[in-house]
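Enquirer: Numbering (the working numbering), first residue to last: 44 to 307.
1. Once DSSP output is grouped into helix, strand and coil, what is the label at residue 233?
2. Hey, how far is the Cα of residue 299 from the Cα of residue 224?
3. Using only the alpha-carbon positions, how far apart do residue 67 and residue 166 sit?
4. Round the Cβ separation of residue 235 and residue 258 to the nearest angstrom and send it over; I've been treating them as touching at under 8 Å.
5. Using a threshold of 8 Å, state whether the C-beta atoms of residue 228 and residue 145 are closer than that.
6. Might you give, ordered along the chain, the residues of its own chain that have their beta carbon closer than 6 Å to the beta carbon of residue 233, omitting 5 neighbours on each side?
7. For a quick check, are the C-beta atoms of residue 174 and residue 181 less than 8 Å apart?
8. Residue 122 to residue 282, Cα distance in whole Å?
9. Quick one: residues in its chain with C-beta nearer than 7 Å to the C-beta of residue 92, no 5 flanking neighbours on either side, listed in chain order?
10. Sort 231, 199, 51, 155 by Cα distance to residue 104 and report the nearest one.
11. Does the distance between the C-beta of residue 291 and the nearest non-hydrogen atom of the ligand GTP fall short of 7 Å?
12. In this structure, does DSSP put residue 110 in helix, strand or coil?
13. Is residue 125 closer than 8 Å to residue 155 when the C-beta atoms are compared?
14. Secondary structure at residue 52, three-state DSSP: helix, strand or coil?
15. Assuming residue 185 is part of the alpha helix (DSSP H), what are its boundary residues?
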C-alpha cells in the first residue's frame, strides 16, 4: 500500500470509528422525514456526513467529498479529483430509524473514479469491515478470509432488494421458489456479506453509487465477482444524483452463472 493510500485509509478508519458512538446513541431514537425521491432521511444522516467529512478534509483538502445528503438531488457532479470519497452516512435508514439492526455507515475511497478501499461499520454486529483490491479484507482490524463452501440449492442464500422493478417478480419467481432469499434493507451490508461469504450471492436492481461503492471495493478483495446489468458505474466520471438505478448480480462464479440463467 503506497503512502498516499495508507494515510487515507488510516484517517478514514479513525473518522468512521469516531462516528460509531453517535450512530449508536441515535439508533431507533431519531426523527425522520421523507425526501422527494421517497427515501427516508434523519438528522443523523446530515450530522454524520458533516462530522466525518470535516475530519477528513483537514488532511485531504484536495480530495472530493460526496454524500447522498451533501449534494442536491438535481445536481450533476464532475468527478475531477484524483481521490474522491463517497459516503452513505446511514445505509438502511428505514431500519435505523425504526430500531432494526441491519444498518451501516459506508465509506468508499475512489482513485480516478474506481473504488480502491471501502470501510463499512455494521450496525447489526458492531464490526468494522474494510478492504480493497490487492489489500485483502479486515474485520475489526484482523485479516479475514472469506468463507468458502460448495454451493447447494438447499442451503444457498441469495440477497435481494425489494420492491422489485415492475413485473420483475414474475421472471424471478422460480429463483425465489428455489433459494433462501434475504432482504436485509441495507444494500451496503448485503454486498459486503457476499464479499465475506455470508451470502452466496446478491441480486439488486435498485441502488445508487453511495449505497454500494464501499462494498464494491471490499468485494474486489474477496475473489468474488460483480457484474452490472446496466451501464457500469465505475470508473465514476460524473455523478448524476438522478441517474437510473444501478443493477447488478454478485457472488461466486457458480452462483453468478445460476443468476444469469434465471435472468435470461
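No residue lacks a Cβ here, since even glycine has one placed at the ideal position from N, Cα and C.
Expert: Working from what's here:
1. helix
2. 15 Å
3. 8 Å
4. 5 Å
5. yes
6. 202, 227, 245
7. yes
8. 7 Å
9. 110, 112, 113, 130, 132
10. 51
11. In the structure shown, the ligand GTP is absent, as is every other ligand, since no ligand is present at all.
12. strand
13. yes
14. helix
15. Not the alpha helix (DSSP H): residue 185 falls in the beta strand (DSSP E), residues 185-187.
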